[in-house]
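Encoded as structure tokens, the structure appears first; notes follow it.
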Amino acid sequence: MTTEPIIELTDVRKVYRTGAVQVEALRGVSLTVDEGEYVAVVGPSGSGKSTLMHILGCLDVATSGSYRLAGEDVAQMDEEELADVRNRRIGFVFQQFNLLPGLTALRNVELPLVYAGLGREERRARAAAALARVGLDDRLDHRPGELSGGQQQRVAVARALVTEPAMILADEPTGNLDSHATRDVLALLDELCAAGRTIVLITHEADVAARARRTVRVLDGLVQEAGQPSGALVKVLG
Amino acid sequence: MNWSETLRTGLEAVRAHRLRSGLTVLGILIGIATVVVAVGLGQGAKTSVNESISALGSNLLIVSPGSTTSSSGVRGGLGSASTLTVGDADALASTTAAPDVEAVAPTVSGSLEIDNGSTNWTTSVVGTTKQWLAVRGRTMAAGSFLTAADQKKAATAIVLGPTTAQELFGRAEFAVGQSVTIDSTSFTVAGVLASAGSDSSSNLDDTALVPLTTYVQRLSTSSSRSSLSSVYVAARSNSAISAAYQEIDAILLARHSITSSSDADFTITTQDSLLSTADSVSSTLTILLGGIAALSLLVGGIGVMNIMLVSVSERTREIGLRKALGATPVLIRRQFLVEASVLGLVGGLLGAALGVGGAHVIPHFISDDITVSSSAVIGAIAVAVAIGLIFGVYPATRAARLAPIDALRSE
């Protein structure tokens, strides 16, 4: 690959201190994701999967190790800079959708652009285009309460898309959806991948992970590429 | 994110939680309305007191017996309750010693019962001379005032105030020529005063006047028959008041053989001194009422803080989401501050409106006037916004400090 990787984690460790107890959630994780990849991160609860997702999403910083996101070193950034990186580089899709109930679909999708400081006209145009992209151009003025779960998650995907981020980080995006809506949203992610978007999908469901082209397994604070020989795991551990 | 977007976000949040916002606004609203009405009451009291003092007559000086000093309280003359005599009043009327004095009206007064045979009425009965009418700046509505002849022969003539005449005879015109009895002495009504025409709380219209000599001979209960309740002195003009003051002071000090005016056994009151006393009294009133109102604003402000803190913990998830989408701590803090000040502003506007409305309605139920100045209203609104801001700082800072992951995780 000649292009620079989107994600480049090198020996990332994360230690939580709760009083006298120290928990090492990540114990030296290295991971590279190239542009246009569709990666599923799987693992049981307590494996460090959530911690990895937080660090990938710049919602938290590593205790040690380096993290380059689209060429930028984000490991040592302060809160203001991280907020800016999240805004420009990452589109989040959450299990709980996390739409603001008081705002219309259009206004919800506009939010990241508001924080990016764009003017009203451009915001509206881009938010409407993103909603059209997820097939909701007839639902612009609906509030989340007036939409089905699948539609709400599609609004959230539109919100993740609208800033043209380097990566879409989806945390259990189908965890709260029925099978029909799950198919719906996964098909949408497939489409986005086909259009060249980089997608990192965190899930514990095997059939959801199977949609991705590459699966990364997290266990006891370490990562293991699925299908790799066990020798590779030994190498990572070493 | 620019300010208009921040404002819009704040308004969206206020609208999204209507009940809670409404209750918070109510706290501020009551505080601001109280401030507007309280300050208005204070200023209204000041205005009406000043008006009543002006109604006393513009060139008036009042000499009363006794004096107050800072060290010894009330000072009276040796061995008598009252040190002002008819002789003192006569001396003040001297044109050579007191060229700036226009007229002098000595008075003795007491609260007495007046009987017309069928009804009786208790009022302030004043013994005085014919000068009283001019000195007090009053006019007659019917009949005539007491004369020098009445004074000389201690006639049993009486002049009634309009309220007194109304109480005893139904209508003022009917009173003239009728007779009334005070303390078993029969008096003939010579005339009725015109109303002093002010809405003051002092009863200028409820009074009765008899010749000083008659009062002293027939009505006085005092042991020293020559002592006076007070002496009203009219200066030649408004500008002669301070000269008249000096002359009165000098004459009375000489007559009472007192060397220093700080030892004086009498007090001279001018309208200026009354006005400044009244001013200080109503300022105290305004401060007191304003203090109470400020307390209710403080309570309102704590209400804002309370609600904003509830709002922050209830919206932890929203804050986390906004942070995930790129909101910096500064923006989050600003959003909550704007929300708090919007609550303050709305409360301030509604409170000011309620206060102004109250200022129009309340005077129908109480006798006092409420004066609402536009500066007080604008000030109150500004204070309301400031309260929102100040009491919003702590909750806003809490919101800004939330870690995005903790916020997103909360249920």
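Chains H and B are the protein sequences, given in the same order. Heads up: the first sequence is residues 1 to 238, going by our numbering. Heads up: the second sequence is residues 239 to 649, going by our numbering. Where is the CB? At the ideal position from N, CA and C, for every residue including glycine. A quick note: this is a predicted structure, and the numbers were derived from the prediction, not measured.
Worksheet item: So, is the C-beta of residue 80 of chain H closer than 8 angstroms to a C-beta in chain B?
Response: Yes, contact with chain B.
Discussion item. Does residue 101 of chain H pass the burial test, meaning 16 or more other C-beta atoms within 10 Å, or should it be called exposed?
Written reply: With fewer than 16 Cβ atoms within 10 Å of its Cβ, residue 101 of chain H is classed as exposed.
Discussion item. Taking CB distances under 8 angstroms as the criterion, tell me whether residue 114 of chain H reaches chain B.
Written reply: Output row for residue 114 of chain H: interface = yes.
Discussion item. For residue 607 of chain B, which residues in the same chain have their Cβ closer than 7 angstroms to its Cβ, ignoring the five residues on either side in sequence?
Written reply: Within its own chain, the residues whose Cβ lies closer than 7 angstroms to the Cβ of residue 607 of chain B, once the five positions on either side in sequence are excluded, are 282, 285, 286 and 601, listed in chain order.
Worksheet item: Using the beta-carbon of each residue, which ones in chain H are nearer than 7 angstroms to residue 564 of chain B?
Response: Residues of chain H with a Cβ closer than 7 angstroms to the Cβ of residue 564 of chain B are, in chain order, 83, 84, 86, 87, 112, 115 and 116.
Item to complete: Closer than 6 angstroms by C-beta to residue 593 of chain B: which residues in its own chain qualify, once you throw out the five before and the five after it? Chain order, please.
Response: Closer than 6 angstroms at Cβ, skipping near neighbours: 271, 274 and 275.
Worksheet item: Can you give the Cα-Cα distance for residue 578 of chain B and residue 245 of chain B, rounded to whole angstroms?
Response: Approximately 11 angstroms between the Cα atoms of the pair.
Worksheet item: Do residue 11 of chain H and residue 94 of chain H have their CB atoms nearer than 8 angstroms?
Response: Contact flag unset, no.
Item to complete: Flag residue 233 of chain H as yes if its beta-carbon sits less than 8 angstroms from any beta-carbon of chain B, otherwise no.
Response: Confidence at residue 233 of chain H is low in this model, with a pLDDT of 40, below 50, so its placement is unreliable and the value that follows should be read with caution. Residue 233 of chain H does not count as touching chain B.
Worksheet entry | 8 angstroms Cβ cutoff, residue 250 of chain B in contact with chain H | Output row for residue 250 of chain B: interface = yes.
Worksheet item: Pairing CB atoms from the region 626-645 of chain B with CB atoms from the region 566-585 of chain B, are three or more of them under 8 angstroms?
Response: The region 626-645 of chain B is in contact with the region 566-585 of chain B.
Worksheet item: Taking C-alpha atoms, which residue in H:60, H:147 and H:130 lies nearest to residue 83 of chain H?
Response: Comparing C-alpha distances from residue 83 of chain H to each of H:60, H:147 and H:130 shows the shortest one belongs to H:60.
Fill in: Min CB distance residue 556 of chain B to chain H below 8 angstroms
Output row for residue 556 of chain B: interface = yes.
Worksheet item: Within the 8 angstroms Cβ cut-off, does residue 253 of chain B reach chain H?
Response: Yes, contact with chain H.
Worksheet item: Between the Cα of residue 110 of chain H and the Cα atoms of H:6, H:85 and H:130, which residue gives the shortest distance?
Response: Considering only alpha carbons, the answer is H:130.
Worksheet item: Given that residue 643 of chain B touches chain H, what residues does it touch there, using C-beta distances under 8 angstroms?
Response: Here the neighbours are 54, 59 and 60.
Worksheet item: the region 21-51 of chain H: which residues have C-beta closer than 7 angstroms to a C-beta of chain B, in chain order?
Response: None of the residues of the region 21-51 of chain H has a beta carbon lying less than 7 angstroms from any beta carbon of chain B.
Worksheet item: Can you list the residues of chain H that residue 243 of chain B reaches, using a CB-CB cut of under 8 angstroms?
Response: Ordered by position in chain H, the residues that pass the 8 angstroms Cβ test against residue 243 of chain B are 114.
Worksheet item: Looking only at its own chain, which residues have a Cβ that is under 8 angstroms from the Cβ of residue 345 of chain B, when we skip the five neighbours before and after it?
Response: Scanning its chain for C-beta atoms nearer than 8 angstroms, with the 5 sequence neighbours on each side dropped, one finds around residue 345 of chain B the residues 364, 365, 366, 370, 450, 466, 467, 468, 469 and 470, in chain order.
Fill in: Same chain, Cβ closer than 7 angstroms to residue 358 of chain B, neighbours up to 5 away in sequence not counted
Scanning its chain for C-beta atoms nearer than 7 angstroms, with the 5 sequence neighbours on each side dropped, one finds around residue 358 of chain B the residues 351 and 352, in chain order.
Worksheet item: Relative to the alpha-carbon of residue 401 of chain B, which residue among B:434, B:422, B:385 and B:375 has its alpha-carbon at the smallest distance?
Response: Of the listed residues, the one whose Cα sits closest to residue 401 of chain B is B:434.
Worksheet item: Considering only residues of the same chain and omitting the five flanking positions on each side of residue 567 of chain B, which have a CB-CB separation below 6 angstroms?
Response: Closer than 6 angstroms at Cβ, skipping near neighbours: 638.
Fill in: Boundaries (first-last residue) of the beta strand (DSSP E) holding residue 372 of chain B
Segment 370-373 is the alpha helix (DSSP H) holding residue 372 of chain B; no beta strand (DSSP E) there.
Discussion item. Quick check: the region 46-53 of chain H against the region 18-31 of chain H, are at least 3 beta-carbon pairs closer than 8 angstroms?
Written reply: With a cut-off of 8 angstroms, the region 46-53 of chain H and the region 18-31 of chain H count as touching, because enough Cβ pairs lie within range.
Item to complete: Quick one: give me the first and last residue of the beta strand (DSSP E) that residue 483 of chain B is part of.
Response: Per DSSP, residue 483 of chain B belongs to no beta strand (DSSP E); it is in the alpha helix (DSSP H), 479-493.
Discussion item. On the CB-based measure, 16 or more other CB atoms within 10 Å of its CB, does residue 409 of chain B come out buried or exposed?
Written reply: Residue 409 of chain B should be labelled exposed.
Item to complete: Would you tell me roughly how many angstroms separate the C-alpha atoms of residue 431 of chain B and residue 441 of chain B, rounded to the nearest one?
Response: Roughly 13 angstroms separates the two Cα atoms.
Fill in: Within chain H, the residues that residue 284 of chain B reaches when beta carbons sit closer than 8 angstroms
None at all; the shortest Cβ gap to chain H is about 48 angstroms.
Fill in: Beta-carbon contacts of residue 420 of chain B that lie in its chain and below 6 angstroms, excluding the five residues immediately before and after
The residues are 350 and 352.
Worksheet item: Is the region 250-269 of chain B in contact with the region 509-524 of chain B, if contact means three or more CB pairs nearer than 8 angstroms?
Response: With the cut-off at 8 angstroms, the region 250-269 of chain B and the region 509-524 of chain B do not touch.
Practice prompt. Could you confirm whether any beta carbon from chain H is found closer than 8 angstroms to the beta carbon of residue 581 of chain B?
Written response: It does not: the Cβ of residue 581 of chain B has no partner Cβ on chain H nearer than 8 angstroms.
Worksheet entry | residue 629 of chain B: first and last residue of the uninterrupted beta strand (DSSP E) it sits in | Not the beta strand (DSSP E): residue 629 of chain B falls in the alpha helix (DSSP H), residues 612-639.
Fill in: Of the residues H:142, H:52, H:116 and H:78, the one placed nearest residue 104 of chain H, counting alpha carbons only
Ranking H:142, H:52, H:116 and H:78 by Cα distance to residue 104 of chain H puts H:142 first.
Worksheet item: What is the residue span of the beta strand (DSSP E) that residue 425 of chain B lies within?
Response: First-last of the beta strand (DSSP E) with residue 425 of chain B: 423-431.
Fill in: Distance CB(residue 30 of chain H)-CB(residue 56 of chain H) smaller than 8 angstroms
Result no, Cβ atoms of residue 30 of chain H and residue 56 of chain H do not sit closer than 8 angstroms.
Worksheet item: Is the distance from the Cβ of residue 181 of chain H to the Cβ of residue 135 of chain H below 8 angstroms?
Response: Going by beta carbons, residue 181 of chain H and residue 135 of chain H fall outside the 8 angstroms limit.
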